[in-house]
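First the structure, in the form of structure tokens, and then the observations on it.
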Amino acid sequence: MGRDQKFALVTGCGKGGIGEALVLEYTRRGVHAIATVLPNEDSDHLTTAGITWFPLDVRDEKSVIHLKEEILAVTNGYLDFLVNNAGICYTMTAIDTDVNSVKRMFEVNVFGPMQMVHHFHDMLIRAAGTIVNIGSIGGVVPYMYGASYNASKAALHHYSNTLRLEMSPFNVKVITRLTGGMQKVISGEVGTNILKNDVNRKLPEELKVIPSTVALDRKRHQHNSIFGYDFFFYREFNLDKVKKAHLANAKKDD
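Quick note: the sequence shown uses this note's numbering, first residue 69, plus one each step.
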């Protein structure tokens with residue numbers, strides 16, 4: 069017997085991001101969209117729009133298992149679309165990278181989607197559904213000061229490529245979307261949220277030895293910002309500034 073209603077589960081649906089835009093578009097197309105936000109994250113934008121939502125931390129397997137129980141009750145065991153959109157960024161020079169911060173990022177960007185697929189694959193198989201992993205152009209064309217983020221997305225891309233082959237016998241499609249920065253693309257409000265928690269990141273304190281005389285002027289570069297605000301790492305991680313700071317720090321140790 070055919071099913072009239074399709075269901076989509078989208079992770080990482082904070083206000084003003086890709087996830088919110090996706091659940092709104094799914095709803096517009098007649099799909100029952102189910103959103104997730106972090107525990108204690110604002111969800112008023114979803115409630116106001118009439119979107120079904122649940123709290124989820126993709127790093128926490130218990131949270132994922134509890135979410136599945138909730139989704140089973142809503143969808144009667146079927147899931148047509150799983151969109152692994154939740155992600156975080158870590159901007160830092162490669163040699164100054166804090167590995168613990170990178171581990172946390174990989175838990176969200178790589179192990180999170182793996183965990184979601186592990187627990188929801190049976191519902192996707194039952195529906196002959198589609199897995200959508202939100203990748204990044206950075207996983208294909210790496211950008212400076214994003215070494216660890218680029219690596220996390222490259223890992224997700226390769227995982228997706230293998231998953232696509234393994235899920236094809238079950239008639240489950242796997243799609244990787246290579247996203248970049250967005251600026252005010254939906255109603256003047258939706259942009260790229262992934263850098264919002266990363267925007268104040270600084271070089272390690274031991275490298276604060278060079279005045280920011282080479283930092284680029286905010287106003288001068290505002291129009292080039294693909295994120296709708298100052299492309300912050302041009303200020304903090306200017307190549308000349310980083311080079312001079314490390315050279316000066318090395319001389320201090322001599």
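From the three backbone atoms N, C-alpha and C, an ideal C-beta is built for every residue, glycine too.
It should be emphasised that the depicted structure is a prediction, and the values quoted were computed from it without experimental measurement.
Query raised in the report: Using the rule of at least 16 other Cβ atoms within 10 Å of the residue's Cβ for burial, across every protein chain shown, is Gln183 buried or exposed?
Result: By one-based count along the sequence shown, residue 183 stands at place 115. With 16 or more other Cβ atoms within 10 Å, it is buried.
Report task. Hey, could you find the ends of the beta strand (DSSP E) Ser236 is sitting in? Result -> For the purposes of this step, residue 236 is identified with residue 168 of the sequence shown, where counting begins at 1. DSSP places Ser236 in no beta strand (DSSP E); its state is neither H nor E.
**Report entry** Segments of 3+ residues assigned as beta strand (DSSP E) that fall wholly inside the region 83-121
**Finding:** Complete beta strand (DSSP E) runs here, min 3: 100-105.
Report task. Tell me, please, whether the region 198-205 touches the region 92-108 by the rule of three or more beta-carbon pairs shorter than 8 angstroms. Result -> No, the region 198-205 is not in contact with the region 92-108.
**Report entry** Proximity of Leu77 and Val151 at Cβ, strictly below 8 angstroms
**Finding:** Along the sequence shown, read from residue 1 onward, the residue named residue 77 stands at position 9. Along the sequence shown, read from residue 1 onward, the residue named residue 151 stands at position 83. The answer is yes: Cβ separation under 8 angstroms.
Query raised in the report: When the Cα of Thr159 is compared with those of Met191, Leu246, Asp190, Tyr213, which residue comes out closest?
Result: As a first step, residue 159 must be located in the sequence shown, where it is residue number 91. For Thr159, the nearest C-alpha among the options comes from Tyr213.
Report task. Within 10 angstroms of the Cβ of Gly155, are there 16 or more other Cβ atoms? Answer buried if so, exposed if not. Result -> Stepping through the sequence shown from its first residue, residue 155 is reached at position 87. Buried is the call here.
Report task. Take the Cβ of His186 as the centre, count every other Cβ of all protein chains shown within 10 Å, and call the residue buried at 16 or more, exposed below. Result -> Taking the sequence shown and counting its residues from 1, the one referred to as residue 186 is at position 118. By the Cβ neighbour-count rule, His186 is exposed, with fewer than 16 other Cβ atoms within 10 Å of its own.
**Report entry** Classification of Asp190 by the beta-carbon crowding that lies within 10 angstroms, buried from 16 upward
**Finding:** In the sequence shown, the residue the question calls residue 190 occupies position 122. Answer is exposed; the Cβ neighbour count stays below 16.
Query - Ile86 to Ile205 span [Cα, whole Å] - result: Taking the sequence shown and counting its residues from 1, the one referred to as residue 86 is at position 18. Taking the sequence shown and counting its residues from 1, the one referred to as residue 205 is at position 137. Note on geometry: alpha-carbon atoms of Ile86 and Ile205 lie some 15 angstroms from one another.
Query raised in the report: When the distance is taken between beta carbons, is Gly207 closer than 8 angstroms to Asn218?
Result: For this step, residue 218 is matched to residue 150 along the sequence shown. For this step, residue 207 is matched to residue 139 along the sequence shown. For Asn218 and Gly207, yes; Cβs fall inside 8 angstroms.
Query raised in the report: Nearest chain B C-beta to Leu90 closer than 8 angstroms, yes or no?
Result: No chain B is present in this structure, which holds just one protein chain.
Query - Residues near Asp125 in its chain [Cβ-Cβ closer than 8 angstroms; skip 5 each side] - result: As a working note, residue 125 is residue 57 in the sequence shown. Here the set comprises Leu106, Pro107, Ser131.
Query - Rounded separation between Arg84 and Asn153 - CA only - result: Here the question's residue 84 lines up with position 16 in the sequence shown. Here the question's residue 153 lines up with position 85 in the sequence shown. It should be pointed out that residue 84 corresponds to Gly in this sequence rather than to Arg. Near 13 angstroms, if we compare the C-alpha coordinates of Asn153 and Gly84.
Query raised in the report: Would you report the Cα separation of Val242 and His225, rounded to the nearest angstrom?
Result: Taking the first residue of the sequence shown as 1, we reach residue 242 at position 174. Taking the first residue of the sequence shown as 1, we reach residue 225 at position 157. Per the coordinates, the alpha-carbon of Val242 lies some 11 angstroms from the alpha-carbon of His225.
Requested in this report: For Met114, collect the residues of the same chain with a Cβ closer than 6 angstroms to its Cβ; drop the 5 residues on either side in sequence, then sort them by chain order.
Outcome: Taking the sequence shown and counting its residues from 1, the one referred to as residue 114 is at position 46. Per the sequence presented here, residue 114 reads as Leu, with Met not at that position. These residues qualify, in order along the chain: Ala103, Trp121.
Query raised in the report: Can you name, in chain order, every residue of its own chain whose Cβ lies under 6 angstroms from the Cβ of Leu231, other than the five neighbours on each side?
Result: Counting from one through the sequence shown, the residue named residue 231 turns up at place 163. Annotation for Leu231: Val242 place their beta carbon closer than 6 angstroms to its own, counting only its chain and skipping 5 residues before and after.
Report task. Within its chain, find whatever has a CB closer than 6 angstroms to the CB of Thr165; leave out the 5 residues flanking it on each side and keep chain order. Result -> For the purposes of this step, residue 165 is identified with residue 97 of the sequence shown, where counting begins at 1. The beta carbon of Thr165 sits closer than 6 angstroms to the beta carbons of Ser216 from its chain, once the five residues preceding and following it are set aside; these are given in chain order.
Query raised in the report: In terms of residues, what are the limits of the alpha helix (DSSP H) holding Leu49?
Result: Lying before the first or after the last residue shown, residue 49 is absent from the chain, which here runs from 69 to 322.
Query raised in the report: Taking C-beta to C-beta, are Leu147 and Phe188 nearer than 8 angstroms?
Result: The residue you call residue 147 lines up with position 79 of the sequence shown. The residue you call residue 188 lines up with position 120 of the sequence shown. Contact check for Leu147 against Phe188 passes: the beta carbons are separated by less than 8 angstroms.
Query raised in the report: Do you know offhand how far Phe295's Cα is from Ser220's?
Result: Within the sequence shown, the letter at position 227 stands for residue 295. Within the sequence shown, the letter at position 152 stands for residue 220. Low per-residue confidence applies at Phe295: pLDDT is 40, beneath 50, and the placement is therefore not dependable enough to give any value.
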